Structures are given as C-alpha cells and as structure tokens.
Amino acid sequence: MQPYTKRTWTEINLDCLEHNYHQIKALLPQTDIIATVKADGYGHCAEPVARHLQELGVHFFSVSNIDEATALRDDQIQGDILILGYTPVEQAEELVKYNIIQTVFSPEFAQELNLAAQKAGITVRVHVALDTGMSRIGFQATQSCWEIGEIERLYHYPHLKIEGYFTHLCHADSTEEGPRNFTLHQKQLFDQMIQQLQQKGYHTGVSHIQNSAGIQMLQGNHYDLARPGIVLYGLHPSGQVTIPGLKPVLQLKSVISMVKEIEANVTVGYSRTFTTKKATKIATVCIGYADGWPRLLSNRGYVLVNGQKVPIIGNVCMDQLMLDVTGIPAKQGDIVTLIGKDGNLEITADQVAESIGTIGYELVCQISKRVPRAIYQNGKLIEVIEY
Ligand SMILES: Cc1ncc(COP(=O)(O)O)c(C=O)c1O
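Heads up: the sequence shown at position 346 corresponds to 346 in the UniProt record's numbering, and the numbers run straight through without jumps.
Put into structure tokens, the structure is as follows:
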C-alpha cells in the first residue's frame with residue numbers, strides 16, 4: 001500500500017492531460033494556448049500540470065490571482081503568466097519582479113495601477129479585459145456602453161505596457177439559437193473594438209476570446225491565443241458543448257473502513273434519512289463533505305466498488321459516507337472509486353455534477369486540500385502532493 005492511499009486520494013494522470021492537449025491543439029492549429037490553471041489547476045494541482053504542459057510546448061498560463069501566479073514562477077514555470085482577476089495595486093512591484101501580466105479591467109484600476117507603478121519606477125505588462133456581455137470585470141464594449149475613450153486613455157499611461165486584449169464568453173456552452181447568437185454578438189463587439197483601436201493607430205497586441213466552449217463554438221476563428229481550462233482536464237463545458245475524445249485527468253478514490261450487516265427497518269446516518277427495507281450490507285467509506293464530496297449526493301449518488309455500481313445511502317457525513325453493498329463482495333480496505341474507472345464502469349465528474357444540478361468544474365475545484373494528489377505519468381507514480 002502506498003501511504004497516500006490510506007484514506008482518500010486523487011490520481012492525476014498527466015498522460016491524459018497530454019492527450020487532451022493534443023486533441024485541443026488539433027482544433028486550433030494556428031492558435032497558441034493559454035492554459036488556464038487557476039484554482040490549483042481546477043483542483044488537479046497546478047504545478048505538475050503546468051510543468052507538463054510547459055514540456056509539451058505551452059508557454060502561456062492564466063491564473064486568478066497573484067499568489068497562484070508566483071507559485072507557478074516558484075515552480076520554474078517560465079512562460080507568460082496572465083492574472084485574469086484583481087491584484088491590489090500595492091503589489092505592482094511583485095508583478096514586475098515575477099514578470100507577470102496583469103489584467104486591467106476598469107478606468108479606476110488602470111489609473112491606480114499606473115500611479116503605483118510610477119511611484120515604484122516600473123512598468124507593468126497588461127492585457128485589457130473587455131466586457132462584451134458577461135457583466136463581470138472589463139471595460140464596457142456593449143451596444144449600450146462603448147468605453148473606447150477610457151481605453152484610449154490607457155495608452156497615455158507610461159507605466160502600463162499594453163500587450164493584449166481579451167473578452168470572456170458567457171454562454172458559449174449552449175448550442176441553442178439564442179445563446180449562439182449571443183456568443184457571435186460578443187465576438188462581433190470584441191472584433192469591432194479591436195478594429196476601431198487599430199484604425200486609430202493603437203497597438204492592440206495579441207487577442208484572445210475562446211474558453212473551452214468558445215473553442216468548439218467558434219471553430220475556424222483564428223485569434224492569436226485561446227484560453228481553455230476545463231477541456232484540458234478532460235471534462236466538458238456542458239452536456240451540449242463537448243469536445244470528443246477527451247480523457248478525464250482526475251480520479252477520486254477512497255477506502256472502505258468497515259462492512260456490517262443490519263436488519264430491515266433500521267435507519268442509516270444523520271437525521272435518519274434512509275431506512276432499510278430488508279437485511280442490508282453496509283460499507284462505510286472514508287470520504288465526506290470535508291473532502292469535497294457534496295452532501296447533496298446523500299441518498300442520490302453512486303460509486304464503484306469492485307467493478308460494480310453501488311448507491312450512497314443516508315446523509316453524507318463530514319468525513320465518511322455509507323453505501324449499500326448488499327450482494328456484492330466488499331470488505332475493509334477495498335478501494336471505492338467516486339470519480340474514475342473500475343473494471344468496465346466509469347463515473348465522470350460531469351455525471352456526478354449533473355446529478356446534483358451543478359457542473360464538473362465545481363466538483364473538481366472543491367476537492368479539498370486534505371486529499372493528496374498522486375501524480376502519474378507513463379503509468380507510473382511520479383509525485384504525491386500533500387497540501
Ligand atoms: C477569463 C477566463 N478565461 C478562461 C477561462 C477558462 O474557461 P473554461 O474552463 O470554460 O475553458 C475562465 C474560467 O472560468 C475564465 O474565467
């Protein structure tokens with residue numbers, strides 16, 4: 001037994017990551033990839049993921065904040081790193097020290113960042129975020145509000161070096177007509193802003209708008225870069241928008257701590273939400289909501305034990321859950337697969353997420369830091385990350 005398998009763990013397969021990267025690149029032959037490795041690589045452990053992608057030729061990464069960015073640098077990631085979100089301007093010097101690109105997304109933030117950089121005697125590399133319909137961060141580039149004047153002002157800030165522009169698609173994960181048109185409209189607004197700026201003689205640098213769903217929905221549109229996240233990890237933006245042939249990178253496993261037989265008419269777990277109808281064999285498993293396994297799966301979810309699908313019964317506890325393993329071989333120490341393959345069966349994060357009305361993104365991101373990540377490459381364990 002490996003020490004990390006004593007309770008609950010994930011297995012991260014870098015060969016699957018590599019496979020997914022090649023699948024995505026095949027759709028984007030002329031476009032470089034910004035690998036989105038924020039939120040610890042969507043729970044997959046950003047550093048080994050980024051390192052492997054770097055070996056495959058990726059030289060641009062995006063993260064959510066400065067701590068994620070500096071962690072990558074500390075781990076020898078040498079390419080460009082773009083922070084997609086907010087950084088307090090007091091950290092301008094750190095941005096430059098670590099050679100990180102900051103997103104500028106509002107007139108106020110840009111002005112303050114330029115001032116902070118001026119005081120420090122530095123120049124910060126930036127990409128400009130345009131809000132074409134997400135209504136999150138970004139300079140307004142919508143039909144009702146066209147902030148080109150505010151964007152032009154950025155070019156008069158000597159301590160900001162504009163290297164690119166991007167926008168974020170908010171409904172590219174649907175193939176229905178309304179969302180499709182909205183995505184095309186977002187693209188049009190983005191293109192229009194870039195065109196106008198260029199016509200006025202401004203250097204706009206590189207452009208990127210495609211997240212995973214956008215790669216599929218806007219095929220044949222060649223921007224300089226694309227920013228896939230979820231598809232690198234082998235999951236899909238939605239049930240409607242998928243990239244065929246992807247392989248899930250992460251498996252989530254746990255072990256059975258105890259098996260017992262109980263009579264009919266006995267309740268199981270907190271609040272006694274499950275009552276046995278007949279004599280039942282129960283297996284208790286070492287995973288709960290503190291590990292990131294949603295409590296919403298109480299009396300709803302399924303897992304795999306010895307190649308068979310078995311139901312979760314009763315409420316998921318903080319550190320444990322119970323299964324009905326009546327009629328199947330199950331004993332203390334047996335492995336339970338919550339996400340991944342066992343024999344001929346597979347449960348994907350997307351399936352689990354859908355069963356409780358959420359998305360695969362959330363499920364993998366919320367696997368908690370008490371769960372070790374065992375990193376595999378070429379079929380071999382190469383590293384175990386314990387947080
Ligand atoms: C600005 C931005 N770009 C790219 C991505 C990657 O999106 P996806 O994982 O859907 O490819 C995200 C994810 O949330 C994002 O916020």
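A virtual CB, placed ideally from N, CA and C, is assigned to each residue, including glycine.
Computed from a prediction, not measured in an experiment: that's the story for all the values here.
On the three-state DSSP scale, how would you describe G74?
Sequence index remark: in the sequence shown, residue 74 carries index 74 (1-based). Per the sequence shown, the amino acid found at residue 74 is Asp instead of Gly. Correct three-state label for D74: helix.
Contact with chain D by D350, beta-carbon distance below 7 Å
Protein chain content of the structure displayed is limited to a single chain, and chain D is not contained in it.
Which residue from V325, T123 and E55 puts its Cα closest to that of Y157?
Here the question's residue 157 lines up with position 157 in the sequence shown. Here the closest residue by C-alpha is T123.
Enumerate in chain order the residues of its own chain whose CB-to-CB distance from A69 is below 7 Å, with the five nearest sequence positions on each side excluded.
In the sequence shown, counting from the first residue as 1, residue 69 sits at position 69. Cβ neighbours of A69 beyond the five flanking positions: V63, I81, I83, Y98 and I100.
Please list, in chain order, all residues with a C-beta atom less than 5 Å from at least one heavy atom of ligand 3.
Because ligand 3 does not appear in the structure shown, any question about it cannot be addressed here, the ligands present being ligand 1.
Less than 7 Å separating the beta-carbons of V352 and C16?
Your numbering for residue 352 matches position 352 in the sequence shown. Your numbering for residue 16 matches position 16 in the sequence shown. Cβ distance not < 7 Å, so V352 and C16 don't count as in contact.
In chain order, what residues of the same chain lie with their CB nearer than 7 Å to the CB of N306, ignoring the 5 residues before and after it?
Residue numbering aside, residue 306 sits at position 306 when the sequence shown is read from its first letter. If we look at N306 and ignore the five residues flanking it on each side, its Cβ neighbours are I328, P329, A330 and D334.
Under the assumption that T337 contacts L304 (Cβ atoms under 8 Å), give the Cβ distance between them as a whole number of angstroms.
Along the sequence shown, one-based indexing puts residue 337 at 337. Along the sequence shown, one-based indexing puts residue 304 at 304. The pair is a contact, with the Cβ atoms about 4 Å apart (cut-off 8 Å).
Helix, strand or coil, according to DSSP, for S254 in the structure here?
The count along the sequence shown starts at 1 and reaches residue 254 at position 254. If DSSP states are grouped into helix, strand and coil, S254 belongs with the strands.
What are the boundary residues of the alpha helix (DSSP H) that includes G214?
Counting from 1 along the sequence shown, the entry for residue 214 is found at position 214. Start and end: S212 to M217.
Quick check: the Cα distance between I151 and Q210, rounded to an integer number of angstroms?
Here the question's residue 151 lines up with position 151 in the sequence shown. Here the question's residue 210 lines up with position 210 in the sequence shown. Each residue's alpha carbon lies about 22 Å from the other.
In chain order, what are the residue ranges of uninterrupted alpha helix (DSSP H) at least 4 long that sit wholly in the UniProt domain "Alanine racemase C-terminal" (249 to 376)?
349 to 355 and 360 to 365
Taking the alpha carbon of N299 as the point to measure from, which residue in K278, D324, Q308 and I287 has its own alpha carbon closest?
Stepping through the sequence shown from its first residue, residue 299 is reached at position 299. Nearest C-alpha to N299: D324.
So, are the CB atoms of A141 and T132 less than 7 Å apart?
On the sequence shown, position 141 is the one that residue 141 refers to. On the sequence shown, position 132 is the one that residue 132 refers to. Yes; because the gap between Cβ atoms is below 7 Å, this pair is in contact.
To the nearest angstrom, how far is the alpha carbon of V37 from that of A46?
By one-based count along the sequence shown, residue 37 stands at place 37. By one-based count along the sequence shown, residue 46 stands at place 46. So the alpha carbons of these two residues sit roughly 6 Å apart.
What number of angstroms, rounded off, separates the C-alpha of D342 from the C-alpha of Q219?
Here residue 342 refers to the residue found at position 342 when the sequence shown is read from its first residue. Here residue 219 refers to the residue found at position 219 when the sequence shown is read from its first residue. Each residue's Cα considered, the two are about 35 Å apart.
Can you tell me whether K380 is helix, strand or coil according to DSSP?
Start at 1 with the first residue of the sequence shown, and residue 380 comes out as number 380. DSSP places K380 in strand when its eight states are reduced to three.
C-alpha distance - I66 paired with Y302, whole-angstrom precision:
Translated into positions along the sequence shown, residue 66 becomes position 66. Translated into positions along the sequence shown, residue 302 becomes position 302. Distance between the alpha carbons of I66 and Y302 is about 38 Å.
Tell me the start and end of each unbroken alpha helix (DSSP H) in the stretch 157 to 228 that is at least 4 residues and wholly inside, in chain order.
177 to 199 and 212 to 217
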